[in-house]
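Take a look at the structure set out below.
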Amino acid sequence: MDTGLTLNHFLAVSGILFAIGLAGVLIRRNIIVIFMCLELMLSAANLTLVAFSRFNTGANGAPDYHGQVLLFFIITVAAAEVAVGLAIIVALFRARETTDVTQIASMKN
Amino acid sequence: MDVNTIAWLILLLPLASAAVILLGTKKSAGISALISTGSVIATLVLSFLLLAQPDTAAAKPLQWLSLGDFEVTIGLKLDSLAQGMMIIVTGIGTLVHVFSLGYMHDDAGKARFFAGLSQFMFSMTGIVLADNFAMMFIFWELVGVSSYILIGHWYDKDSAADAAKKAFLVNRIGDFGFMIGILLVWVLTGSIYFDEIAKAIGGVQNANLLNAAVLLVFCGAVGKSAQLPLHVWLPDAMEGPTPVSALIHAATMVAAGVYMLARVSFLVGAAEMAADTIAIIGGATALLAALMATQQNDIKRVLAYSTLSQLGYMIMAQGLHDGSDAGMFHLYTHAWFKALLFLGSGAVIFACHHEQDIWKMGGLRQKMPITFWTFLIGTAALIAVPGTSGFWSKEAILEAAWHDHNYLVWGLGIAVAFLTPFYMTRLFVVAFLGKPRTKDADHAHEVSPIMWVPLAILAVMAVISAYITGPLEAKGHVAFHMSLTAILSLAGLVVGVLAGWKLYAGCDRDPVNIKLFANKFYLDELYLGIVRLFQDFVGMTFDAVDRYLIEPITVRLPALAAMSSGYVLRLLQVGNLQAYGFLFGLGAVVLIWLIVF
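Order-wise, the sequence lines are chains R and A.
To get the working numbering, take the position in the first sequence, counting from 1, and add 264.
To get the working numbering, take the position in the second sequence, counting from 1, and add 25.
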């Protein structure tokens, strides 16, 4: 199956996704959105892993499955992390009644 | 016993005694004193055995230091000079030890005192028997240390502690010159052994360098024998116990400089200009010290200045052609009568409850007849009454100066011959004659036999030592013939004694008051000023360096750097989550950049 896609195409998409995620984390004020952007960055990393796995074929033409196995671990851990992260955000919202990160700077003082 | 055993025993017995006392018997003062006295008596006996040895005797040397071809040995030279000197050192040492048994009887630091005396005997023996400059220098320094310990024996008294420090420091100045002189001699002749230097000295071409070397070696004698300008420590050293003053600061240690010059007389003889300088410094010291002595009121200080003056004579003789023997002769006779005078003054001080001011004494003639008569004999020897030992040796020196046609030095010597009888008569008349001026003097009574027996022995020696020239063999002669020198010095004796008698008989206060002499020509104050100036200058320099160079670089610069970098870094701590995230991302990018490109 030759779709004409090379590793670089996948990496470019992954890079764009990562950049969008990072920009979101740095620019947006809403902590929920920041959290989603973090997930986006994580997905970009996952995409890279799969792409490398797919294009790193061995002697018999089969892909290197290590990367894909790692991907599943990451998804699992990310799910757990989302649960914890959302719980913290909920707790934070209850305490401060805001989702604006510029308002949540009391550790400074 | 063979000569080896004798010589090494003489050197090591006192050391063993000091070690035993300090390490073992310090707690029991009586035993310590007996050990020390026993060791010195043993060395005296051994010294007499040594006297029987031929002039060329030498003990087997001990290898001490080996650097390639250069070797330093601890060797013992046992020629007649050393043999004679050993008799003086151990003979007077014995009498002083015995006297100390009485004088220091109730002293709290008695064991320490006797250990110090033993250590001194060891050091002095080392100087006398040394066969090379390196060994002599080691023991030279050891003598300095012993002197420091003994002057500062009553260290809880500020004046004693200060005097000890002063003696040590002033001696160090001279010793520094001595060390450079030794090195120069080594460079010039290629050896530090006296015998080899004597052989090589004729081949030295550079007369200027030789003069410099001899003058630098002489520096050591200037310090140890308290010549101008380093004489200031000796009068202060009288703060030590009186037996110490007698042993160290009158009879033996201060004679070390003279002995050293006599030992290297071949060097002095080879350096014309240096020899003249030595003679003039000796003569000047003799005269100035005699002038200072005329106005002192402390009995020990008068004797200290007279010691300075007599040492000046001896040093002067070392600088004259064929004067070395006369100088050693005077050293030999002077040692006996000066030890006698000091121990006599010790007896007086002891009897007057440690009163040292002669104007608070008086009338001691009836109270202390034995001390009176022995002191009289000592004084007679010091002022060179014909027939006493001092007369012969002083005549020898003055004659040597006359025959050397060194009229400046001769004139200085004659002037001293007028002054010495004057100030000694003053001391004697004020302290012993007249009536008691204070209660202490009135209650004085004769000291115990353990103290007056040494006085009596020394008094006998003060008269007859010049006739027993055995220890010095050919170095001293009892010879007299009428000459200008003899007439003048006899005139000096008569004039001095009469003037002293006329001025001071029956006086209760000093009728003469010459501030310049009483204040020792303000030399102490001058030195103090120089030292203070120098110290202030050095202090200011170092203060400036510290304040304007070291402190800014090592203290203020790092502090400033830490503070300013902290100020800059504080700007980054904004407390904004996204700013940290941005910096984190930036850091990651920079890291990737660094790793990849």
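Cβ coordinates follow ideal geometry from the N, Cα and C atoms, glycine included.
Every value quoted in this text rests on a predicted model; they were computed, and no experiment measured them.
Just how far apart, CA to CA, sit residue i and residue j?
i      : j      : result
A/S53  : A/V45  : 12 Å
R/N373 : R/D364 : Because R/N373 sits at a pLDDT of 42, beneath the cut-off of 50, its placement in the model cannot be relied upon, and the following sentence gives the value as read from the coordinates. So the alpha carbons of these two residues sit roughly 18 Å apart.
A/D94  : A/V293 : 28 Å
A/L241 : A/P254 : 14 Å
A/M110 : A/S270 : 19 Å
R/G322 : A/I620 : 28 Å
A/G49  : A/V65  : 18 Å
A/E221 : A/Q343 : 21 Å
A/A440 : A/L47  : 47 Å
A/R197 : A/S589 : 52 Å
A/L312 : A/L444 : 8 Å
A/R326 : A/G55  : 31 Å
A/F542 : A/V212 : 43 Å
R/I353 : A/R572 : 59 Å
A/A405 : A/F124 : 22 Å
A/A287 : A/Y218 : 15 Å
R/L281 : R/L304 : 7 Å
R/T366 : R/N294 : 9 Å
A/Y357 : A/S490 : 8 Å
A/L208 : A/V229 : 15 Å
A/H274 : A/T332 : 8 Å
A/A466 : A/C377 : 5 Å
A/P474 : A/Y128 : 11 Å
A/G151 : A/N233 : 31 Å
A/G118 : A/G177 : 19 Å
R/R358 : R/A351 : 11 Å
A/A409 : A/T115 : 25 Å
Interface residues of chain A around residue i at Cβ under 9 Å?
i      : result
R/T366 : N601, L602, Q603
Confirm, please, whether the CB-CB distance from residue j to residue i is below 8 Å.
i      : j      : result
A/I226 : A/T214 : yes
A/V195 : A/W258 : yes
A/G627 : A/P446 : This structure cannot speak to residue 627 of chain A, because chain A is shown only from 26 to 622.
A/F147 : A/A43  : yes
A/L106 : A/A32  : no
A/G199 : A/G308 : no
A/T267 : A/G387 : no
A/A421 : A/A351 : yes
A/L366 : A/G403 : yes
A/D261 : A/A304 : no
A/A442 : A/W435 : no
A/A299 : A/S250 : no
A/I113 : A/T277 : yes
A/L272 : A/T396 : no
A/V373 : A/M393 : yes
Just the chain R side, please: which residues come within less than 8 Å of residue i by C-beta, in chain order?
i      : result
A/L591 : Here the sequence assigns Gly to residue 591 of chain A, which means Leu is not the residue at that position. Result: empty, since nearest Cβ-Cβ is about 17 Å, beyond 8 Å.
If I follow the unbroken beta strand (DSSP E) through residue i, where does it start and stop?
i      : result
A/K102 : 95 to 102
A/L619 : Not the beta strand (DSSP E): A/L619 falls in the alpha helix (DSSP H), residues 602 to 621.
A/Q88  : 83 to 92
With respect to the alpha helix (DSSP H) encompassing residue i, which residues constitute its N-terminal and C-terminal limits?
i      : result
A/S125 : 105 to 128
R/Q367 : Segment: none, R/Q367 is in no alpha helix (DSSP H) and carries neither H nor E.
A/L240 : 232 to 249
A/S61  : 54 to 76
A/D183 : 183 to 214
A/T50  : Here A/T50 belongs to no alpha helix (DSSP H), and DSSP marks it neither H nor E.
A/A564 : The sequence as given places Gly at residue 564 of chain A; Ala does not occur at that position. Element bounds for A/G564: 548 to 570.
A/V599 : A/V599 -> no alpha helix (DSSP H), and no H or E assigned at all.
A/M160 : 158 to 176
A/V153 : 135 to 154
By the criterion of Cβ-Cβ separation under 7 Å, what are the contact partners of residue i in chain R?
i      : result
A/F607 : L290
List, in order along the chain, the chain R residues whose C-beta lies closer than 9 Å to that of residue i?
i      : result
A/L610 : Looking at the sequence provided, one finds Gly at residue 610 of chain A rather than Leu. By Cβ distance, chain R contributes L286, V289, L290.
Answer with yes or no whether the minimum CB distance from residue i to chain D is below 8 Å.
i      : result
A/I620 : Judged by its chain identifiers, the structure shown contains no chain D, and its protein chains are R and A.
Residue ranges of each alpha helix (DSSP H) within the segment 462 to 542 of chain A, 4 or longer: Counting whole runs of 4 or more residues, the segment 462 to 542 of chain A contains the alpha helix (DSSP H) stretches 464 to 467, 474 to 489, 509 to 529.
To test your reading of the DSSP string, which unbroken alpha helix (DSSP H) runs of 4 or more residues are found completely within the segment 289 to 328 of chain A? 290 to 295, 297 to 318, all fully within the segment 289 to 328 of chain A.
Complete runs of the alpha helix (DSSP H) confined to the segment 287 to 360 of chain R [at least 4 residues]: The qualifying runs are 295 to 319, 330 to 360.
Please specify which runs of the beta strand (DSSP E), each continuous and at least 3 residues long, are wholly inside the segment 388 to 461 of chain A, giving them in chain order. Runs of the beta strand (DSSP E) inside the segment 388 to 461 of chain A: none found.
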